[in-house]
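Q: I have a structure here, written as structure tokens, and I will follow up with some questions on it.
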Amino acid sequence: MAADKIFGVHGAALQLRSERLGVLASNIANAATPNYKARDLDFDRAMEMVREGDDTQEAMSETMGYRIPLQPSMDGNTVELSTEQTLFAENAVQYSTTLSFLEGRVNSITRALRGE
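The opening position of the sequence shown corresponds to residue 1 in our numbering, with each subsequent residue numbered one higher.
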């Protein structure tokens, strides 16, 4: 695909980061839900799979897992709010960085097409 040649793995990275933001947000939203099991996407492993030629959707499904809490709760919920908030913030910054890189790439291509 032409977009893969232009953007490399950054498009897949953006998609994986977006999916991870959704998963972490779901964990935060369910922090008080009894028996809710916190999940996460292993971003590094998923990116490795994408670099090896796997489909992004396949990489997401294969690297999704449940988080093991440091401090189990009495109601069976495995969300540790401070951990989830930290991971969400880190992932949001990384998402924004990837998006900025892609914006720069698109702007460069646009200027080249205009002959600037």
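Ideal placement from N, C-alpha and C gives every residue a C-beta, glycine not left out.
Tell me which residue opens and which closes the alpha helix (DSSP H) that D44 is part of.
A: Position 44 of the sequence shown, counting from 1, holds the residue named residue 44. Residues 43 to 51.
Q: DSSP three-state label for G104, please.
A: One-based indexing of the sequence shown puts residue 104 at position 104. DSSP places G104 in helix when its eight states are reduced to three.
Q: Per DSSP, D54 forms a beta bridge with which residues?
A: Reading the sequence shown from its first residue, position 54 is the one you call residue 54. Beta-bridge pairing links D54 to no other residue.
Q: Is it true that the CB of L102 sits closer than 8 Å to the CB of I28?
A: On the sequence shown, residue 28 is found 28 positions in, with the first residue counted as 1. On the sequence shown, residue 102 is found 102 positions in, with the first residue counted as 1. Going by C-beta atoms, I28 is not nearer than 8 Å to L102.
Q: For Y66, list the residues DSSP reports as bridge partners.
A: For the purposes of this step, residue 66 is taken as residue 66 along the sequence shown, with counting starting at 1. R39.
Q: Can you name the start and end residues of the alpha helix (DSSP H) that A31 belongs to?
A: Along the sequence shown, one-based indexing puts residue 31 at 31. Where A31 is concerned, there is no enclosing alpha helix (DSSP H), given that its DSSP letter is neither H nor E.
Q: CA-CA distance, M47 and E19?
A: Residue 47 sits at position 47 when you count from the first residue of the sequence shown. Residue 19 sits at position 19 when you count from the first residue of the sequence shown. About 13 Å.
Q: Roughly how many angstroms separate the alpha carbons of M64 and Q15, rounded to a whole number?
A: Counting from one through the sequence shown, the residue named residue 64 turns up at place 64. Counting from one through the sequence shown, the residue named residue 15 turns up at place 15. Our two residues, M64 and Q15, have alpha carbons roughly 14 Å apart in a direct line.
Q: Whole angstroms is fine: what's the gap from E62's alpha carbon to R111's?
A: Stepping through the sequence shown from its first residue, residue 62 is reached at position 62. Stepping through the sequence shown from its first residue, residue 111 is reached at position 111. Their backbone Cα atoms lie some 39 Å apart in a straight line.
Q: Under the three-state reduction of DSSP, which class applies to N91: helix, strand or coil?
A: For the purposes of this step, residue 91 is identified with residue 91 of the sequence shown, where counting begins at 1. In the structure shown, N91 sits in a helix (DSSP, three-state: H, G or I).
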